[in-house]
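Below is one structure; the comments refer to it alone.
In my numbering, the protein residues as written are 38 to 486.
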């Protein structure tokens with residue numbers, strides 16, 4: 038007990054800045070700047086509430102996790118107090134409420150990290166739920182993906198012909214459409230306030246079309262003169278972020294490298310735009326599929342070209358860790374190895390694998406869902422690519438080439454129409470659209486802000 042007390046005293050002093058506000062909130066008392074064990078003893082029955090709040094915060098924070106692991110041991114040494122059944126039930130309700138509220142605290146990225154845990158298979162489970170919702174609403178997963186990405190992200194590239202200058206002042210924030218509120222969560226509230234009756238079994242093709250109209254009104258409200266219509270939403274679905282993927286009869290090696298690297302940085306990897314472009318140029322110039330080099334050979338070659346024309350790039354960071362160039366080379370190595378092993382080095386064959394031409398020819402639509410997930414899993418084994426990045430790589434590699442200018446009634450056999458990326462907004466929208474009870478809690482949480 039003495040050792041535990043000493044460890045707790047050290048902990049209270051070390052983390053007093055995060056523990057003191059919780060102690061004051063639970064005890065409703067002003068707590069001295071330097072915490073003492075007596076402050077914990079004085080909580081009495083409320084110690085479990087104190088622990089509960091720390092446990093909630095510990096899910097995404099190492100400091101809170103350290104506090105929780107040690108402080109939960111102290112619970113057994115507190116004086117025993119009698120608690121009746123009514124008090125126990127009240128505590129249980131309070132703890133559940135705290136956990137529910139925690140799901141919605143922070144920004145949309147924090148919400149998604151909590152909500153993805155609701156799916157049995159994580160991001161894979163999100164994709165499977167998207168398939169179920171789309172089957173119910175008689176729409177394609179790619180339409181679902183693009184619409185809810187558009188709402189969640191506030192991006193507008195490829196949406197009609199609108200540009201930065203077309204928006205009213207103060208409706209853009211960091212080059213995303215943010216017409217009201219401080220964060221993307223406010224857009225969620227606005228959208229789901231309008232569609233809380235179209236959740237779960239009520240998510241239908243009619244509801245989906247009404248959601249598209251909501252998006253048009255949502256954007257048009259803060260456009261100066263240009264106005265969007267339903268065809269602009271449809272064209273956004275097939276917008277290409279890498280025009281080089283549309284050149285020739287199938288994407289070239291250079292187009293693959295450009296898409297492979299840009300996809301990694303577009304999804305959150307930290308890098309300057311100029312360095313990304315230089316990296317793409319260097320990899321396109323110095324590496325070819327047919328060479329079938331090892332990672333070591335590729336890095337050795339890179340160590341030479343960064344001494345000359347690409348001196349702004351480096352293989353190691355100042356701390357001695359792998360820099361982005363090294364990670365990009367590892368990623369390219371795995372992509373090239375896949376092409377060499379599965380496609381005998383043929384870029385045409387690689388495109389046919391990614392776009393599932395064998396499934397399209399056999400018209401085996403029922404297998405598209407499992408085939409997509411299995412291919413995502415396979416590509417997610419490439420270095421520095423996870424499940425969501427791999428899904429996005431597959432989706433964007435073929436999307437515009439396969440669906441652009443093709444009437445929607447011809448999409449049925451196109452594998453591209455059944456692709457989707459479980460990014461943070463898709464996780465959130467899929468969660469809320471599938472569960473009316475969860476959505477109601479989210480909307481109730483808005484009232485507490």
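Note that the Cβ used here is the ideal one computed from N, Cα and C, for glycine as well.
In this structure, 255 is the residue among 242, 255, 239, 292 with its C-alpha nearest to the C-alpha of residue 208. Counting C-beta atoms within 10 angstroms of its own C-beta, residue 462 has 16 or more neighbours from the protein chains shown and is therefore classed as buried. Straight through space, the alpha carbons of residue 353 and residue 196 are spaced by roughly 39 Å. Judged by DSSP secondary structure, residue 326 falls outside any alpha helix (DSSP H); it is assigned neither H nor E. Judged by DSSP secondary structure, residue 303 falls within the alpha helix (DSSP H) whose first and last residues are 290-303.
The beta carbons of residue 387 and residue 332 sit about 20 Å from each other, so the pair does not count as a contact at 8 Å. Under the DSSP definition of a beta bridge, residue 204 partners with 260.
By the beta-carbon neighbour count (other beta carbons within 10 angstroms, threshold 16), residue 160 is buried. Residue pairing by DSSP places residue 65 opposite no residue, since no beta bridge is assigned to it. Residue pairing of residue 353 in beta bridges, as defined by DSSP: 359. Note on geometry: alpha-carbon atoms of residue 400 and residue 447 lie some 12 Å from one another. C-alpha of residue 330 to C-alpha of residue 367: approximately 11 Å in a straight line. Between residue 438 and residue 265 a beta carbon distance of about 25 Å is seen, past the 8 Å cut, so the two are scored as non-contacting. If you look at residue 163, you'll find it in the alpha helix (DSSP H) that goes 160-174. Annotation: the continuous alpha helix (DSSP H) that includes residue 178 extends over 178-190.
In the displayed model, residue 379 falls within a helix according to three-state DSSP.
Residue 394 and residue 451 have their C-alpha atoms roughly 9 Å apart.
Annotation for residue 393: no alpha helix (DSSP H) segment contains it, and DSSP assigns it neither H nor E.
For residue 153, there is no enclosing alpha helix (DSSP H), as DSSP marks it with neither H nor E.
Residue environment for residue 176: buried (at least 16 other C-beta atoms within 10 angstroms of its C-beta).
Rounded to whole angstroms, the separation of the alpha carbons of residue 163 and residue 467 is 7 Å. In the three-state reduction of the DSSP assignment, residue 209 falls in the strand class, which pools E and B.
Between residue 54 and residue 231, the alpha-carbon positions lie close to 40 Å from each other. Within 10 angstroms of the beta-carbon of residue 217 lie fewer than 16 other beta-carbons, which makes it exposed.
Residue burial is scored here from C-beta neighbours: residue 191 has at least 16 other C-beta atoms within 10 angstroms and is therefore classed as buried.
By the Cβ-count criterion, residue 201 is exposed, with fewer than 16 other Cβ atoms from all chains shown falling within 10 Å of its own Cβ.
DSSP places residue 44 in the uninterrupted alpha helix (DSSP H) bounded by 39-51. The DSSP assignment places 74-78, 84-95 as complete runs of the alpha helix (DSSP H) inside the region 72-108, in order along the chain (cut-off: 4 residues).
Annotation for residue 84: 77, 112, 115 place their beta carbon closer than 7 Å to its own, counting only its chain and skipping 5 residues before and after. Residue 359 and residue 346 have their C-alpha atoms some 20 Å from each other. The beta-bridge partner set that DSSP reports for residue 482 is empty. A distance below 8 Å separates the beta carbons of residue 409 and residue 456. The beta-carbon separation of residue 290 and residue 326, rounded to 6 Å, stays under the 8 Å limit for a contact. Taking residue 182 as reference, the option from 464, 299, 473, 104 with the minimal CA-CA separation is 464. In this structure, DSSP gives residue 111 a helical state, which the three-state scheme calls helix.
Boundaries of the alpha helix (DSSP H) around residue 221: 221-232.
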